[in-house]
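Those sequence lines, one after another, are chains V and W.
Under this note's numbering, think of the first position of the first sequence as 1, with each following residue one higher.
Under this note's numbering, think of the first position of the second sequence as 362, with each following residue one higher.
Note that CB positions come from ideal geometry on N, CA and C, so glycine has one too.
Bear in mind that the values here come from a model prediction, so they are computed numbers and not experimental data.
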Amino acid sequence: MKSLSQIKGDSNFKRRIPAAEVDQILYVMKFSINNLKPEQARKFQNYFIRIVATLIVVVIISCSMTIDSVDQPTSINGGETLNVTLHLKIKADASQTSKLMIAILVPKMWNARQKATLTFTSEKTTGVQKMTVIPVGTPAPQAQGLDWPAKIAAQIGSGGNLINDWEWVAFYSDADYSVANEPEFKATVNVSIPTTTDNISFKTGYVVANSSDGLSGSDRYSSSFPGCLRVLGTGDLIDFCNPQLSSVEPRTALDNDIITLNFDGGVTSNPLENVSDIYLCAKAITTTGETLDACAATVKTKLTPLGARRFRIDLWPRDFFAVPAGKTLLRLEYFFTNADGSISVGYGGLSDPFLYTFNCN
Amino acid sequence: MIKRLAFAAIALALLAVIIHSCKKEEVNIPAVEPLKEVNGSWKIIKATRNGTDMTSRFDFTRFRISFSDSTYTIANPVPFIVAGNGSWKFDDGRYPFIMNFRAAGDTLKSTEIQYPVTKGVRNIILSFSPGCKLNTYQYTLEKEN
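Right, here's the structure in full:
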């Protein structure tokens, strides 16, 4: 039987090794390991364990980030600036140089990409540190080409906002920061967002991460959703937070758009919850005060069932209400009814109509 | 052997004659992109609102726009770039990117267009905002036979 060194020196070794010779090699290896002296075996075991432990350490996070708390008011007057403070804890297990990333979940109507400002201070930096919005389309790290807003939306979600008119806006620190294996330190982020005068309830959200790790590990980033913010503005309430019996899409539209009136009869107990054929009974008010009615239960006003007690109707207001040339619609007041009109559901399931104001803000 | 050689020689000679007799004739045919033709009646085969397919949710089936040289007429209107009949014009007849409409008594309205051939059929794809500018509609038109 050849020894390992003999096989290795064999010029035939590099060519295809016959099966019989492979068996020889394996036998020699197994024989050699099994016949180590106890001291040698213990050393080999320790060496093996150290290798495995090192590999485990390598995949452990290099920088953990936590949003410890969020200071956010429960309500604000429309048009005022929303000031929010994020209290962060950051710990680095290994050396890393990267930018701090903060993302905010906001209603699109606030145009936060243009108007919000973010700064931070920390125990490791001196003075106020600036942050700049990350242009849409800039790939996030380890995100398969997605930018930060898309990656956060896909992985973290919409914070429970029920109207699809929200966006994530991401910011990077202007500077890169180097951290090494050191104790946990704190940072404070100041978020300043001018709001609009829209009357809304919205669930804000915040994500902290860094430009190296992205969202690649559950403790390499942190998210926080502090609850429903009430903005006391003007106009109809746009409620992102609570399920609604009725909603309208698009959120902003004029009378020459196609609008969709939705009825979700399963959201809450209401007189129509066991009715299968739902109709729209609506009144359109023009900017000059005229009223145009469409309340007969016909094919034209019948809603399309979508299942799970949800219904909708798509209509072109100018045609649906036969708006005369030169006139413009200001708003709709509407109910949902059964076929003969004996059961009617309005706002809150009660007798006041649902309202929709045509606007393009 | 001699016969084979003789045959080969004759074949080569014939080949030489054929090649020499083929004259190259250069013909200069300038490549000119044809003018895009849209005269006729067109219908909507697909409609989206802010990317959502509305084709089966709203009745677009009766809408027709008929182009005739520089004028158009609309039958069974739906939300569109213009509300009434009038005139139209491409920004460039051979390489159009914009279609301009002017309804009678109204201002000029422009829309971006695409002019692809899909499954051998010419389509016109119009993108516009008939109502609030925050909402974008896209209609795919196909010519009626």
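Rank the options by C-alpha distance to the C-alpha of residue i and give the top, closest one.
{"i": "W:T409", "options": "W:T434, W:V439, W:P395, W:E398", "result": "W:V439"}
{"i": "V:L105", "options": "V:T304, V:T328, V:I156", "result": "V:I156"}
{"i": "W:A470", "options": "W:A444, W:F368, W:T501, W:I379", "result": "Note that residue 470 of chain W corresponds to Lys in the displayed sequence, not to Ala. Of the candidates W:A444, W:F368, W:T501, W:I379, the one whose C-alpha sits nearest the C-alpha of W:K470 is W:A444."}
{"i": "V:F335", "options": "V:E290, V:L329, V:I238, V:V248", "result": "V:V248"}
{"i": "V:S122", "options": "V:A153, V:K186, V:T196", "result": "V:K186"}
{"i": "V:V323", "options": "V:G348, V:I313, V:E290", "result": "V:E290"}
{"i": "V:A103", "options": "V:H87, V:V133, V:D93", "result": "V:V133"}
{"i": "V:T196", "options": "V:Y356, V:N77, V:S351", "result": "V:N77"}
{"i": "W:T479", "options": "W:D467, W:K407, W:M415", "result": "W:K407"}
{"i": "V:L330", "options": "V:S158, V:T74, V:F311, V:F358", "result": "V:F358"}
{"i": "W:K450", "options": "W:K397, W:K504, W:D467", "result": "W:K397"}
{"i": "V:D68", "options": "V:E80, V:T81, V:K89", "result": "V:K89"}
{"i": "V:T287", "options": "V:T252, V:L280, V:N164, V:G326", "result": "V:G326"}
{"i": "V:Y206", "options": "V:T66, V:Y356, V:C360, V:L355", "result": "V:T66"}
Mind checking if residue i is an interface residue toward chain V, Cβ cutoff 8 Å exclusive?
{"i": "W:R365", "result": "no"}
{"i": "W:F419", "result": "yes"}
{"i": "W:V443", "result": "no"}
{"i": "W:G492", "result": "yes"}
{"i": "W:P457", "result": "no"}
{"i": "W:V439", "result": "yes"}
{"i": "W:R410", "result": "yes"}
{"i": "W:N496", "result": "yes"}
{"i": "W:M415", "result": "yes"}
Answer with buried or exposed for residue i, where buried requires no fewer than 16 other C-beta atoms within 10 angstroms of its C-beta.
{"i": "V:S173", "result": "buried"}
{"i": "V:K203", "result": "buried"}
{"i": "W:V399", "result": "buried"}
{"i": "W:T501", "result": "buried"}
{"i": "W:A369", "result": "exposed"}
{"i": "V:K99", "result": "buried"}
{"i": "W:M362", "result": "exposed"}
{"i": "V:D213", "result": "buried"}
{"i": "W:R365", "result": "exposed"}
{"i": "W:I379", "result": "exposed"}
{"i": "V:N12", "result": "Interpretation of V:N12 is limited by its pLDDT of 44, a score under 50 that renders its predicted location unreliable; the figure taken from the coordinates is listed afterwards. Under this definition V:N12 is an exposed residue."}
{"i": "V:W256", "result": "The amino acid at residue 256 of chain V is misidentified as Trp; the sequence shows Asn. So V:N256 ends up on the buried side."}
{"i": "W:V482", "result": "exposed"}
{"i": "V:T337", "result": "buried"}
{"i": "W:I371", "result": "exposed"}
{"i": "V:Q144", "result": "exposed"}
{"i": "V:A53", "result": "Only weak support exists for where V:A53 lies, its pLDDT of 46 falling under 50; the coordinates are left without a value."}
{"i": "V:R318", "result": "buried"}
{"i": "W:N496", "result": "buried"}
{"i": "V:V136", "result": "exposed"}
{"i": "W:R423", "result": "exposed"}
{"i": "V:Q114", "result": "exposed"}
Identify, in the order they occur along the chain, each residue of the same chain with its Cβ nearer than 6 Å to the Cβ of residue i, setting aside the five sequence neighbours on each side.
{"i": "V:Q72", "result": "V84, P226"}
{"i": "V:K91", "result": "S64, E184"}
{"i": "V:A154", "result": "none"}
{"i": "V:G160", "result": "K203"}
{"i": "V:Y279", "result": "A297, T301, K302, T337"}
{"i": "V:D277", "result": "A339"}
By Cβ distance, which residues of its chain are closer than 7 Å to residue i, with the 5 residues on each side in sequence left out?
{"i": "W:E473", "result": "F458, I459, S488"}
{"i": "V:V58", "result": "For V:V58, the predicted model reports a pLDDT of 39, less than 50, meaning its position is unreliable; a value from the coordinates is still stated below. Excluding residues within five positions, none has a Cβ falling inside 7 Å."}
{"i": "V:A140", "result": "L146, D147, W148, K151, G214"}
{"i": "W:S429", "result": "N400"}
{"i": "V:A267", "result": "Here residue 267 of chain V turns out to be Val, not Ala, going by the sequence shown. Only P243, Q244, L245 meet the Cβ criterion."}
{"i": "V:I33", "result": "Residue placement at V:I33 is poorly supported in this model, since its pLDDT is 47, which falls under 50; the coordinates still yield a value, given next. For V:I33, where only same-chain residues beyond five positions count, there are no Cβ hits under 7 Å."}
Could you tell me whether any Cβ in chain W is nearer than 8 Å to the Cβ of residue i?
{"i": "V:T357", "result": "no"}
{"i": "V:G204", "result": "Checking the displayed sequence, the identity of residue 204 of chain V turns out to be Thr instead of Gly. Closer than 8 Å: no."}
{"i": "V:N256", "result": "yes"}
{"i": "V:T117", "result": "no"}
{"i": "V:P149", "result": "no"}
{"i": "V:A284", "result": "no"}
{"i": "V:W110", "result": "no"}
{"i": "V:T250", "result": "The residue asked about is misnamed: residue 250 of chain V is Pro in this sequence, not Thr. Yes, contact with chain W."}
{"i": "V:W316", "result": "yes"}
{"i": "V:A253", "result": "yes"}
{"i": "V:C241", "result": "no"}
{"i": "V:C228", "result": "no"}
{"i": "V:C295", "result": "no"}
{"i": "V:C63", "result": "no"}
What residues in its chain sit with their C-beta under 8 Å from that of residue i, if we drop five residues either side in the sequence?
{"i": "V:S201", "result": "C228, L229, R230, V231, L237, I238, D239, F240, C241, N242"}
{"i": "V:I258", "result": "D314, L315, W316"}
{"i": "V:N270", "result": "L245, V345, G349"}
{"i": "W:S448", "result": "S431, T432, Y433, F462, R463"}
Assuming residue i contacts residue j (C-beta within less than 8 Å), just tell me the rounded distance between them.
{"i": "W:Y476", "j": "W:E394", "result": "Not really, about 12 Å apart at Cβ, beyond 8 Å."}
{"i": "V:S222", "j": "V:A116", "result": "About 19 Å separates the two Cβ atoms, so there is no contact after all."}
{"i": "V:E333", "j": "V:K283", "result": "5 Å"}
{"i": "V:N262", "j": "V:R309", "result": "Not really, about 11 Å apart at Cβ, beyond 8 Å."}
{"i": "V:D176", "j": "V:T97", "result": "5 Å"}
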